[in-house]
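With UniProt numbering as the guide, the letters of the sequence shown map in order to residues 1 to 521.
Notes follow the structure.
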Amino acid sequence: MADKLEELYQKYSRLSSAEDISQQSEEYEECIKHKTGSGSEKKLVAQIIGQYFKHFPKLEETAFEAIIDICEDNDPSIRISAIMVLPIICKQSKKLVHKVADILIQLMMILEDQEFNVTCNSLSQVFRAYPEKTLSVLFVYILKLKDKPSAREDVVKYIYKKLVTLDPKITAICMELLIEEGKKILEDSTVTEFLTIISFLTNTKLTQTTAGQQELVSAIAQRAKLDQEFDVEDQGTCHRLIICTEHALPLFSASVESTEFVKFYCQEVLAKWDALADVKDGEVSVQPQLLRQLAALSAYCGKLDTASPYVVHIFDKLKRYMPLPPEDGNIDDMPNLDFTSVECLLYAFHRLARQSPDFLTADPAVLRDFKSRLNYFSRGVAGCLRSLEKVQDNEKKDDKKIKLAPVMLANINTLIKDLLHQTPIYKCNIQLSFRSANSSSKKEADEPSTVQKRHTPIQFDSSNGSNNKQMRFNKSSESMKLYKPPSGKFSNNFKSYNHPRGSGRGRGGRGKRGGSRDWNY
C-alpha cells in the first residue's frame, strides 16, 4: 500500500518537474490509474487530475470519469477531495460545464453536512464562471423532479435564495432567464416554491411597470386556480387561495384590476361560506381573513359586465352579520355584533353596488329591510363607542385592539350614512381599519412585506342594556396576521433545510425524497 502511494508521489514529482508537461501524457495516465488505490492515493489522484487537466486534452474523458468515480467513494473525505476538483475541471474545459453542474446538483441532493456545504460551494463556483449554462442545467433538473417535491424545493431555494445573492452583476446577466423560468415553476408550484419565487419576482423589474405587474397578477391568479371550482373540502385549496391573494394585493392599482379575484370570492367563496366555518389556519378560522381580502380586493375591482350577481352574494352575507331589530321593540338589548366582518362586507358591498345602483331601490321592501338593519346596527356602533370612552387612558395606550376599534367603527358609520340616504349613494371613501393599522405598524417595525398584522374581530355584547355595553373580542382570532404559512416551516435561510437527505451513492442518485405538491400543512 505504502509502495503504491510512494510510486504515485514519484510520478507526481516527475510531472511537476517536467519542462514540457504536455509530453508527459503516459505519466499522467499512469497517475489516473491509481483511482482504485488506497484512500490517500485517491485524494492525491484527484489533486493531480485537477492540477494538470488542461495539459492533456486527449485524456480529458478518462480523467473526468476518474473524478466521478472518486466522487462515488464510500469515504466522505475522499468524496470531498473530488468534489472540490470539479469546478477546476469545469473552468479548464467549457464543454464539461453542463455535466459538472448536473453531477453537482445530483450530489447536493444526496449528501449531507460538510459534504453538502462543499458541494454547494463547488456549484456556486461553477455558477460564477458560467452563470447561464449552470442555471440552464438546474432548471432542466427541476423538470425531472416533479414527483420529488422536497428535492425540487431544495433546488428552487438554492437558485432563488442562494445563487442570486452571490454577485449582483452575475444575477443581472441571468435576470431574464430567472424571471421566465420562475414564472414556469409557479404554474405548478408548492407553497414553498411559490413563496420563494414570488419573493424574488416582486423585487425585479416586473413590478416597475404596469404590464409587469399585470403579468405577475395573471401568474398568481393562474396558481390560485381562479378558473376552477373552489373545493372547500380540500383544505389546501383554501390555503392556496389566501396565500396567492395576499401576494397579489400589493400589485393591484387603478391600472391593474382585481376583477377576476373579486368574481371568484363572490361566486365561489361566499357561495360556500357555511362550509368554510370548519377550515382553520392553525386554531383560527380562515373566514375573517377571507373577508379582509375580499374588502381589499373590492377597492380595485374593474367594470363588471353585470354586477348584481356578485353584489347579491355580498348582500346576503352582510344581512347575516347585521340583524333586524327585535320584534318586541327592545332595541337596547343588543346581540353579539361582529364589527370586523361587517366593516369588510359593508365596504365590499359599497364598492360593488355602485355598479348596480338599482340593486337596493328596485324593490322597496328590500330597501326598507336593509335600512332597518343599518339603523339597528348603528345603535350597536354608538354603544360600542360609548364603551370605548369609558376605557382608562392607560388601557387605550397599551391595547392595540382598543386603538383599532374607533377607526373600524367610524368606517362603519361612514358607510352606513351613505346607504341611509333616501336613495342610497356610494360616494364616501374610507381606508379599511386593518389596512390603516398595517401602514402604521410598518413605520414602527421593519417587517417583511408579506407579513402583516392580523386583527381581532371586534364583537359587541349588550344584553344588559346600553349603559352596560362592553366590547367583546373574539379570542379565536386574536393576533391574526395577514395570511402566511406557520412560522418556521419555510425558512428564509438557505442553509436551514430540514429535508432528510438520502444516503445512497451512485451517479445520478438523488436519495429518497418525499413530499406532496398540494398546499396542505
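Note that the Cβ used here is the ideal one computed from N, Cα and C, for glycine as well.
This one's a predicted model, so the numbers in the text were calculated from it and none came from an experiment.
In terms of alpha-carbon separation, which member of Leu5, Ile402, Cys31 and Arg128 lies closest to residue 592?
In this structure the chain extends from 1 to 521, so residue 592 is not present and cannot be described.
Pick out the complete alpha helix (DSSP H) segments inside the segment 307 to 366, 4 residues or longer, and give them in chain order.
308 to 321 and 339 to 353
Output the distance between the C-alpha atoms of glycine 302 and phenylalanine 359, rounded to the nearest integer angstrom.
Position 302 of the sequence shown holds residue 302. Position 359 of the sequence shown holds residue 359. Taking the straight line from one Cα to the other gives about 18 Å.
Please name the residue or residues paired with valine 284 in a DSSP beta bridge.
As a position in the sequence shown, residue 284 is number 284, starting the count at 1. Looking at the DSSP assignment, valine 284 forms a beta bridge with Asp281.
Using only alpha-carbon positions, find the residue among Arg373, Gln114 and Ile179 that is nearest to glutamate 132.
As a working mapping, residue 132 is identified with position 132 in the sequence shown. The residue with the shortest Cα to Cα distance from glutamate 132 is Ile179.
Would you kindly work out how many angstroms separate the C-alpha atoms of alanine 221 and tyrosine 141, rounded to a whole number?
As a working note, residue 221 is residue 221 in the sequence shown. As a working note, residue 141 is residue 141 in the sequence shown. If you take the alpha carbons of alanine 221 and tyrosine 141, they lie about 26 Å apart.
For valine 232, which residues of its own chain have a beta-carbon under 8 Å away from its beta-carbon, when the five flanking residues on both sides are left out?
On the sequence shown, residue 232 is found 232 positions in, with the first residue counted as 1. Here the set comprises Cys238, Lys272, Ala275, Leu276 and Val279.
In chain order, what residues of the same chain lie with their CB nearer than 7 Å to the CB of phenylalanine 370, ignoring the 5 residues before and after it?
Position 370 of the sequence shown, counting from 1, holds the residue named residue 370. Leu360.
Neighbourhood of leucine 59 by C-beta distance below 8 Å, restricted to the same chain and skipping five residues each side
Within the sequence shown, the letter at position 59 stands for residue 59. Excluding positions up to five away in sequence, the list reads Ser25, Tyr28, Glu29 and Ile32.
In terms of residue numbering, what span does the alpha helix (DSSP H) encompassing threonine 245 cover?
Position 245 of the sequence shown, counting from 1, holds the residue named residue 245. Per DSSP, threonine 245 belongs to the alpha helix (DSSP H) from 235 to 248.
Alpha-carbon spacing of aspartate 75 relative to lysine 144, whole angstroms
Here residue 75 is taken as the residue at index 75 of the sequence shown, counted from 1. Here residue 144 is taken as the residue at index 144 of the sequence shown, counted from 1. Answer to the nearest angstrom: the Cα atoms are 28 Å apart.
What does the alpha-carbon distance come out to for the pair valine 137 and phenylalanine 200?
In the sequence shown, counting from the first residue as 1, residue 137 sits at position 137. In the sequence shown, counting from the first residue as 1, residue 200 sits at position 200. Taking the straight line joining both Cα atoms gives about 20 Å.
Quick one: residues in its chain with C-beta nearer than 8 Å to the C-beta of serine 298, no 5 flanking neighbours on either side, listed in chain order?
The count along the sequence shown starts at 1 and reaches residue 298 at position 298. Around serine 298: Ser258, Val262, Tyr347, Ala348, Arg351 and Leu352.
Would you check if the distance between the CB atom of leucine 186 and the CB atom of isoleucine 159 is smaller than 8 Å?
Start at 1 with the first residue of the sequence shown, and residue 186 comes out as number 186. Start at 1 with the first residue of the sequence shown, and residue 159 comes out as number 159. Against a cut-off of 8 Å, the Cβ pair of isoleucine 159 and leucine 186 comes out as no contact.
Pair within 8 Å by beta-carbon distance, alanine 307 and cysteine 344:
Against the sequence shown, residue 307 aligns to sequence position 307. Against the sequence shown, residue 344 aligns to sequence position 344. No. Outside cutoff.
So, does the CB of isoleucine 220 fall closer than 8 Å to a CB anywhere in chain D?
Absent from the structure: chain D. Only one protein chain is present.
Put serine 77 into one of helix, strand or coil per three-state DSSP.
Residue mapping note: residue 77 aligns to position 77 of the sequence shown, counting from 1. Helix at serine 77.
Would you call the CB atoms of alanine 46 and serine 16 closer than 8 Å?
Stepping through the sequence shown from its first residue, residue 46 is reached at position 46. Stepping through the sequence shown from its first residue, residue 16 is reached at position 16. Taking 8 Å as the Cβ cut-off, alanine 46 and serine 16 do not qualify as a contacting pair.
Suppose you measure from the CA of isoleucine 416 to the CA of glutamate 193; what does that come to, to the nearest Å?
As a first step, residue 416 must be located in the sequence shown, where it is residue number 416. As a first step, residue 193 must be located in the sequence shown, where it is residue number 193. Those two C-alpha atoms are separated by around 43 Å.
Beta-carbon within less than 6 Å of tyrosine 12's beta-carbon, same chain only, minus the 5 sequence neighbours each way: which residues are those?
Locating residue 12 in the sequence shown gives position 12, where the first residue counts as 1. The residues are Ile48.
For glutamine 214 versus threonine 245, is the C-beta distance shorter than 8 Å?
Within the sequence shown, numbered from 1, the residue matching residue 214 stands at position 214. Within the sequence shown, numbered from 1, the residue matching residue 245 stands at position 245. No, the Cβ-Cβ distance between glutamine 214 and threonine 245 is not below 8 Å.
Got a sec, what are the start and stop residues for the alpha helix (DSSP H) isoleucine 425 sits in?
Numbered from 1 along the sequence shown, position 425 holds the residue referred to as residue 425. First-last for isoleucine 425: undefined, no H or E at that position.
Might you give, ordered along the chain, the residues of its own chain that have their beta carbon closer than 7 Å to the beta carbon of glutamate 41, omitting 5 neighbours on each side?
Along the sequence shown, read from residue 1 onward, the residue named residue 41 stands at position 41. Closer than 7 Å at Cβ, skipping near neighbours: Lys4, Leu5, Leu8 and His34.
Per-residue burial, valine 366 [other beta carbons within 10 Å of its own, 16 or more giving buried]:
As a first step, residue 366 must be located in the sequence shown, where it is residue number 366. Its Cβ having fewer than 16 others within 10 Å, valine 366 is exposed.
Inter-residue CB distance, cysteine 90 and methionine 108 (contact presumed, cutoff 8 Å):
Sequence index remark: in the sequence shown, residue 90 carries index 90 (1-based). Sequence index remark: in the sequence shown, residue 108 carries index 108 (1-based). By a beta-carbon distance limit of 8 Å, cysteine 90 does not contact methionine 108. Their separation comes to about 15 Å.
Return the first residue and the last residue of the alpha helix (DSSP H) that methionine 109 is part of.
What you label residue 109 is simply residue 109 of the sequence shown in a count that begins at 1. Its alpha helix (DSSP H) spans residues 97 to 110.
Rounded to whole angstroms, what is the Cα-Cα separation between aspartate 363 and aspartate 147?
By 1-based counting over the sequence shown, the position of residue 363 is 363. By 1-based counting over the sequence shown, the position of residue 147 is 147. Approximately 56 Å between the Cα atoms of the pair.
Take arginine 14 and list the residues in its own chain whose beta-carbon comes closer than 8 Å to its own, dropping the five residues that flank it on each side.
Locating residue 14 in the sequence shown gives position 14, where the first residue counts as 1. Closer than 8 Å at the Cβ level, and outside the excluded window around arginine 14, lie Gln24 and Glu27.
Report yes if the C-beta distance between leucine 388 and isoleucine 402 is below 8 Å; otherwise report no.
Position 388 of the sequence shown, counting from 1, holds the residue named residue 388. Position 402 of the sequence shown, counting from 1, holds the residue named residue 402. Going by C-beta atoms, leucine 388 is nearer than 8 Å to isoleucine 402.
Selection from Pro323, Leu216 and Val269 that minimises the alpha carbon distance to phenylalanine 252:
Taking the sequence shown and counting its residues from 1, the one referred to as residue 252 is at position 252. Closest by alpha carbon: Leu216.
Buried or exposed: which applies to alanine 66, given that a residue is buried once 16 or more other Cβ atoms fall within 10 Å of its Cβ?
Numbered from its first residue, the sequence shown carries residue 66 at position 66. Buried, since its Cβ has 16 or more Cβ neighbours within 10 Å.
Cβ-Cβ distance between isoleucine 412 and aspartate 418 below 8 Å:
What you label residue 412 is simply residue 412 of the sequence shown in a count that begins at 1. What you label residue 418 is simply residue 418 of the sequence shown in a count that begins at 1. No.
Could you work out which residue in Ala248, Asp154 and Ile88 is closest to tyrosine 130 when comparing CA atoms only?
Counted from its first residue, the sequence shown places residue 130 at position 130. Comparing Cα positions, the closest option is Ile88.
Take leucine 195 as the anchor and find which of Ala224, Met175 and Lys95 has the nearest alpha-carbon.
Position 195 of the sequence shown, counting from 1, holds the residue named residue 195. Of Ala224, Met175 and Lys95, the residue nearest in Cα terms is Ala224.
Cα-Cα separation, leucine 241 to proline 57
For the purposes of this step, residue 241 is identified with residue 241 of the sequence shown, where counting begins at 1. For the purposes of this step, residue 57 is identified with residue 57 of the sequence shown, where counting begins at 1. Leucine 241 and proline 57: Cα-Cα distance of roughly 55 Å.
Among the candidates Tyr300, Pro309, Asp316 and Met322, whose CA atom is the shortest distance from the CA of asparagine 429?
Residue 429 sits at position 429 when you count from the first residue of the sequence shown. Checking every option, the nearest Cα to that of asparagine 429 belongs to Tyr300.
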